[in-house]
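Single-structure report; data block below.
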Amino acid sequence: MLALLLEQKDGSTVSAVKQVSPDNLPEGNVTIDVEWSGINYKDALAITGKGKIIRQFPMVPGIDFAGTVRESQDARFIAGQSVILTGWGVGETHWGGLAEQARVNANWLVPLPQGLSSRQSMIIGTAGFTAMLCVMALEEGGITPESGEILVTGASGGVGSTAVSLLSTLGYQVVAVTGRASNHDYLLSLGANSVISREAFNDASRPLEKQRWAGAVDTVGSSLLAKVLSQMNYGSTVAACGLAGGFDLPTSVMPFILRNVRLQGIDSVSTPLDRRQMAWQRLTKLLPDHFYQQAVTEIPLDHAAHVATELMENRVTGRTLVKIK
Ligand SMILES: NC(=O)c1ccc[n+]([C@@H]2O[C@H](COP(=O)([O-])OP(=O)(O)OC[C@H]3O[C@@H](n4cnc5c(N)ncnc54)[C@H](OP(=O)(O)O)[C@@H]3O)[C@@H](O)[C@H]2O)c1
Numbered sequence: 043m044l045a046l047l048l049e050q051k052d053g054s055t056v057s058a059v060k061q062v063s064p065d066n067l068p069e070g071n072v073t074i075d076v077e078w079s080g081i082n083y084k085d086a087l088a089i090t091g092k093g094k095i096i097r098q099f100p101m102v103p104g105i106d107f108a109g110t111v112r113e114s115q116d117a118r119f120i121a122g123q124s125v126i127l128t129g130w131g132v133g134e135t136h137w138g139g140l141a142e143q144a145r146v147n148a149n150w151l152v153p154l155p156q157g158l159s160s161r162q163s164m165i166i167g168t169a170g171f172t173a174m175l176c177v178m179a180l181e182e183g184g185i186t187p188e189s190g191e192i193l194v195t196g197a198s199g200g201v202g203s204t205a206v207s208l209l210s211t212l213g214y215q216v217v218a219v220t221g222r223a224s225n226h227d228y229l230l231s232l233g234a235n236s237v238i239s240r241e242a243f244n245d246a247s248r249p250l251e252k253q254r255w256a257g258a259v260d261t262v263g264s265s266l267l268a269k270v271l272s273q274m275n276y277g278s279t280v281a282a283c284g285l286a287g288g289f290d291l292p293t294s295v296m297p298f299i300l301r302n303v304r305l306q307g308i309d310s311v312s313t314p315l316d317r318r319q320m321a322w323q324r325l326t327k328l329l330p331d332h333f334y335q336q337a338v339t340e341i342p343l344d345h346a347a348h349v350a351t352e353l354m355e356n357r358v359t360g361r362t363l364v365k366i367k
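Structure follows, in structure tokens:
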């Protein structure tokens, strides 16, 4: 089988598409013929070696994939069934989706929901799944479309763009934050009501600023998240899932103790199965047809490393799909 293999050479990560025997696949009770995978921020960190994502080499990256069961020793899955995998350390500590076959634990798999193709499921991918978890967190925080405007940071990225589309479909007023002026029209076409330049969030935040946002989906972290927190309405919720701008958070307790702001962390890797299935059902129902036509780039496996570099340089908009078969 063909696989994108990451190896260590002189302390650096090198990647190449190679023939690998399926005998080398890791342990697991379901083997899958991978049809589609994607290039996520975490994949880009792993492939370029810019983030210490991978500690064991050789490794096949690819934190998400969709495909067809080839062999199963678990009664819940049968040969020929379509499945989705995101998270669980696949592509980090366990060989991932950037290969013709993958072998995983059955507990990690979600059956492909009816009404969704495997290609569509990877246009959504880990990024879209995470966006859904963020939206669910806002709902669980009691934020409704009547509460006020919802801010989405890093809006041109995989998580941000899906969050914009989901929130807009649910009737929320969405304000997208982007560092790329060229993406304003794209974000409006996804359903954003307005777009703000990232520069507007550059100056140092005071502990509390004018209240502006009923909710926020933050994919950026660091000083931008600190600024957003200082502008949140009384009783609002922020779903924080990303660190595209850095993993620090230079803030104060003021928004929490004086404005009752809820900062909800989002982890998509270890989400329990029932919540996973609920999120996939909702994604299938909510995302409009035009979402699947917006900003999707399809590449073959041997372009994955190049796109990973571009993604690290913030030159990728939306989702990159890797066509395996
Ligand atoms: N918690 C989880 O389970 C989970 C799951 C998936 C992803 N994530 C994290 O969520 C974040 C977004 O993931 P993604 O797949 O959407 O990545 P992505 O496609 O690379 O998008 C990230 C976006 O953030 C903005 N950005 C990039 N560099 C920035 C910087 N230095 N300062 C401020 N904004 C910057 C850019 O948007 P604009 O150009 O529009 O500003 C970029 O498109 C990543 O940090 C990723 O690791 C977490």
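For the sequence shown, the working numbering begins at 43 and goes up steadily by one. Quick reminder that beta carbons are idealized off the backbone N, C-alpha and C, glycines included.
>> So, under 8 angstroms CB-CB, Val177 and Ala205 are touching, yes? Tell me the CB distance rounded to an integer number of Å.
In response: 6 angstroms
> Does the beta-carbon distance from Pro100 to Leu46 come in below 8 angstroms?
Replying inline: no
>> Give the list of continuous alpha helix (DSSP H) stretches no shorter than 4 residues that lie fully inside the segment 223–261.
In response: 226–232
>> I'd like to confirm the pairing. Which residues does DSSP put opposite Met274 in its beta bridges?
In response: Trp255
>> Measuring straight from C-alpha to C-alpha, what distance separates Gly196 and Trp130?
In response: 24 angstroms
>> Taking only three categories from DSSP, how would you classify Lys367?
In response: coil
> So does Arg222 have its beta carbon nearer than 7 angstroms to some heavy atom of ligand 1?
Replying inline: yes
> Thinking just about the alpha-carbon of each residue, which of Phe119, Leu315, Ala58, Arg254 is nearest to the one in Gly70?
Replying inline: Phe119
> Can you give the Cα-Cα distance for Gln98 and Leu230, rounded to whole angstroms?
Replying inline: 42 angstroms
> Quick one: Cα of Asp52 to Cα of Leu353, how far?
Replying inline: 24 angstroms
> Can you tell me whether DSSP reads Leu87 as helix, strand or coil?
Replying inline: helix
> Can you tell which of Ile96, Ser63, Leu154, Pro64 has its C-alpha closest to the C-alpha of Thr55?
Replying inline: Ile96
>> When you compare the CB positions of Lys269 and Phe243, do they come within less than 8 angstroms of one another, or not?
In response: yes
> CA-CA distance, Gly287 and Asn356?
Replying inline: 11 angstroms
>> Just checking Tyr83 against ligand 1 - is the residue's beta carbon closer than 7 angstroms to any of the ligand's heavy atoms?
In response: yes
> Heavy atom of ligand 1 less than 7 angstroms from the Cβ of Ile308, yes or no?
Replying inline: yes
> So, Leu127 versus Leu154, is the Cβ gap smaller than 8 angstroms?
Replying inline: no
>> Among Tyr276, Gln156, Ile299, whose alpha-carbon lies nearest the alpha-carbon of Lys252?
In response: Tyr276
> Which residues bound the alpha helix (DSSP H) around Glu182?
Replying inline: 160–182
> Is Asn244 near ligand 1, in the sense that its beta carbon is under 7 angstroms from a heavy atom of that ligand?
Replying inline: no
> What is the rounded straight-line gap between the Cα of Gly200 and the Cα of Thr326?
Replying inline: 16 angstroms
>> Is Val270 close to ligand 1? I mean its beta-carbon at under 7 angstroms from any heavy atom of the ligand.
In response: no
> Quick one: what's got a C-beta closer than 8 angstroms to Pro292's C-beta in the same chain, skipping five residues either side?
Replying inline: Ser264, Ser265, Ala268
> Does the segment 178–186 come close enough to the segment 300–311 that 3 or more CB-CB pairs lie under 8 angstroms?
Replying inline: yes
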